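Undergrad: Structure below; questions to follow.
Number of protein chains: 2
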Amino acid sequence: MYINLHLILLHPMRIEDEIKQPIFRDDFQKAHINLLFTASWLQLRQAVAFKPYGLTLPQFNILRILRGQHPLPATVALLIDRMLDKTSNASRIVDRLEEKKLVTRTVCPANRRAVDIRITVAGLALLERIEQDGVLNASDLTQLNDAEVQQLNGLLDKIRSGDELPGR
Amino acid sequence: MYINLHLILLHPMRIEDEIKQPIFRDDFQKAHINLLFTASWLQLRQAVAFKPYGLTLPQFNILRILRGQHPLPATVALLIDRMLDKTSNASRIVDRLEEKKLVTRTVCPANRRAVDIRITVAGLALLERIEQDGVLNASDLTQLNDAEVQQLNGLLDKIRSGDELPGR
DNA sequence: TGACATTAAATGTATGTACATAAATTTGCA
DNA sequence: TGCAAATTTATGTACATACATTTAATGTCA
C-alpha cells in the first residue's frame, strides 16, 4: 500500500517488491496505486531533468505555451486555460519567470484589466537549449513498444470514461 | 499538450478531445501525458472525497500506517519509510494530525531522539467512518474489467523497468 | 573520558496546489 | 449618466513537496 518512491526511482522493479504492507486487496487496488505511483515516478524524473536549467515543470510548461503564442502575447487567462491543472496559480508562476527575465509582463493596452505576457529572447534560448539537450526524450516511455503504448492509452481513456464525479 | 483538468473531471472524455494544442507528437507522448493526467484525475477525485472528513490524502495515508502499527507506536522514520514519497515531510503532516487530536506524540523512552506516534481512538473512529462510507471504493477503477486491470498493471510495471535515472 | 561522527526529528526556504477573496477595469442596462 | 454585474488579475491562507540546515541524543573509538 505504501511505497518508497526514491528507492524505486533509482532501482526500478515491480511494484509488489516495494510494498511494505504485504499484499494488495485485489488487482484493482494494485492498479490504482500503480497508476499514481508511475505518474509520480515520471514526474520526478522530469523534475530532476529540468533542475539543471533552473526551471520547475509548471514553469517549463508555461514557457512552452508562451512560445506557442510568440510573437503574440498571452494573458493569464489563456495560460490557465492551457495548463494541465486549471486551478493552479498562473500569476505566481509567471512571477518567478519574470524574476528570471524569461518573460515580460505589460498591461494590455486594449483592455487594462488584462496583462500581456511574452516570452523573452532568453526564454526562447533556454527552451531551445533544453530541447537540444534531449531532456524531453529522456523521460519518454521507452520501455513500451507501439502496440503497448496504444493499449495503455486505451486503458487510461477508459478509466476516465462514463461517470461523473460523485457528490458534486 | 495542455489539458483542462476540472473540465475533464466533470465531463470525462477521450484525452484528445480536451487538447488545446492540436495533436500529440506521437502515441508515446500521448501516453505520457495521459498517464500524468489520469493520475491527477484519480487524486483529485480522492481529495474531494476526503474533504468532508477534514483530511488530506497524505494525512489519511499516515493515519492508515499508524492503524497498521496500532497499538504499537510508529516513529517519524517509519512513517517516512512507508509513505509514497520518501522526501515529503512527515513531521509537519503529523503536526496537523496532532492538532486535530487524531494522533499523539510522546518522546520514546528507549531512545530520546525518537518520537512515538500513536493513533488515538478518535483517529481510529474517523478511519472506520471513512471506510464504512465507501469513500475508498468510490475512486476505484470501475470502468475496467479484470483482464484490463491486469494488462494495465503489466504495462505500468514495464514502464518503470530496466533503466536507471539518467544523470544521478 | 572526551572529541567526533551518526542518527532522529524539527525547522527554514522556495515552490506549487487548492480555494477564497480583493482590487481594478470594463460592460451593460435602467 | 450612473450604478451594479461581470471580467481579469493579484493576493491571502492552508497545505504539501523538495531540499538544506539545525538541534538534540546517542554511538564510537582513540
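If you read the protein sequences in the order shown, they are chains A and B.
Each residue of the first sequence is one higher than the one before, counting from 2 in my numbering.
Each residue of the second sequence is one higher than the one before, counting from 2 in my numbering.
All residues carry an ideal CB built from backbone N, CA and C; glycine is no exception.
These numbers come from a predicted model, not from an experiment.
1. For the pair the stretch 150-157 of chain A and the stretch 95-113 of chain A, tell me if three or more CB-CB distances fall below 8 Å.
2. Which of helix, strand or coil does DSSP assign to arginine 161 of chain A?
3. Does the CB of glutamine 144 of chain A have a neighbour CB from chain B at under 8 Å?
4. Do isoleucine 160 of chain B and leucine 145 of chain A have their C-beta atoms within less than 8 Å of each other?
5. What number of angstroms, rounded off, separates the C-alpha of aspartate 158 of chain B from the C-alpha of leucine 98 of chain B?
6. Taking CB distances under 8 Å as the criterion, tell me whether phenylalanine 61 of chain B reaches chain A.
7. Since arginine 46 of chain B is in the alpha helix (DSSP H), which residue starts that stretch and which ends it?
8. In the structure shown, what three-state DSSP assignment does arginine 119 of chain A receive?
9. Label leucine 73 of chain B either buried or exposed according to how many other C-beta atoms from any shown protein chain fall within 10 Å of its C-beta, with 16 as the threshold for buried.
10. Short of 7 Å in beta carbon distance, which residues of its chain neighbour threonine 121 of chain B, apart from the five on each side in sequence? Order them along the chain.
11. So, is the C-beta of threonine 76 of chain B closer than 8 Å to a C-beta in chain A?
12. Using beta carbons (cut-off 8 Å, strictly below), is isoleucine 160 of chain A in contact with chain B?
13. Helix, strand or coil for alanine 111 of chain A? Go by DSSP, reduced to three states.
14. Assign proline 23 of chain B to one of two classes, buried (16 or more other C-beta atoms within 10 Å of its C-beta) or exposed (fewer than that).
15. Does the count of Cβ pairs from the stretch 74-85 of chain B and the stretch 28-46 of chain B closer than 8 Å reach three?
16. Return the chain-ordered list of same chain residues with a C-beta closer than 6 Å to the C-beta of proline 59 of chain A, the five sequence neighbours on each side being excluded.
17. I'd like the list of long-range same chain contacts for valine 136 of chain B, defined as Cβ closer than 6 Å, with 5 residues on each side in sequence excluded.
18. Distance cutoff 8 Å, beta carbons only. Does glutamine 151 of chain B sit that close to anything in chain A?
19. Shorter than 8 Å from the beta carbon of leucine 56 of chain A to some beta carbon of chain B?
20. Are the C-beta atoms of aspartate 117 of chain A and some chain B residue less than 8 Å apart?
21. In three-state terms, what does DSSP make of valine 136 of chain A?
22. For isoleucine 81 of chain A and serine 92 of chain A, I'd like the C-alpha separation in whole angstroms.
23. Which first and last residues belong to the alpha helix (DSSP H) in which phenylalanine 61 of chain B is found?
24. Does arginine 114 of chain A pass the burial test, meaning 16 or more other C-beta atoms within 10 Å, or should it be called exposed?
25. I need the straight-line Cα distance from glycine 155 of chain B to alanine 48 of chain A, nearest angstrom please.
26. Rounded to a whole number of angstroms, what is the C-alpha to C-alpha distance between aspartate 117 of chain B and threonine 57 of chain A?
27. Please list the terminal residues of the continuous alpha helix (DSSP H) segment that includes aspartate 82 of chain B.
28. Could you give the residue range of the alpha helix (DSSP H) that holds serine 89 of chain A?
29. Using beta carbons (cut-off 8 Å, strictly below), is histidine 71 of chain B in contact with chain A?
30. By the 10 Å Cβ neighbour count, where 16 or more other Cβ atoms means buried, how is arginine 130 of chain B classified, buried or exposed?
31. Opposite threonine 105 of chain A in the DSSP bridges: which residues?
TA: Let me lay it out:
1. no
2. coil
3. yes
4. Taking C-beta atoms as the reference points, isoleucine 160 of chain B and leucine 145 of chain A count as a pair closer than 8 Å.
5. 33 Å
6. no
7. Bounds of the alpha helix (DSSP H) holding arginine 46 of chain B are 28-51.
8. strand
9. exposed
10. Lys102, Leu103, Val104, Thr105
11. no
12. yes
13. coil
14. At proline 23 of chain B the pLDDT is 46, less than 50, meaning the model places this residue with poor confidence; the figure from the coordinates comes in the next sentence. Exposed: under 16 other Cβ atoms inside 10 Å.
15. no
16. Ile94
17. Ala50
18. yes
19. No - not a single Cβ of chain B is within 8 Å of the one on leucine 56 of chain A.
20. no
21. coil
22. Those two C-alpha atoms are separated by around 9 Å.
23. 58-70
24. exposed
25. 25 Å
26. 36 Å
27. 77-83
28. Element bounds for serine 89 of chain A: n/a, residue is neither H nor E.
29. no
30. exposed
31. BP columns for threonine 105 of chain A point to A/Arg119.
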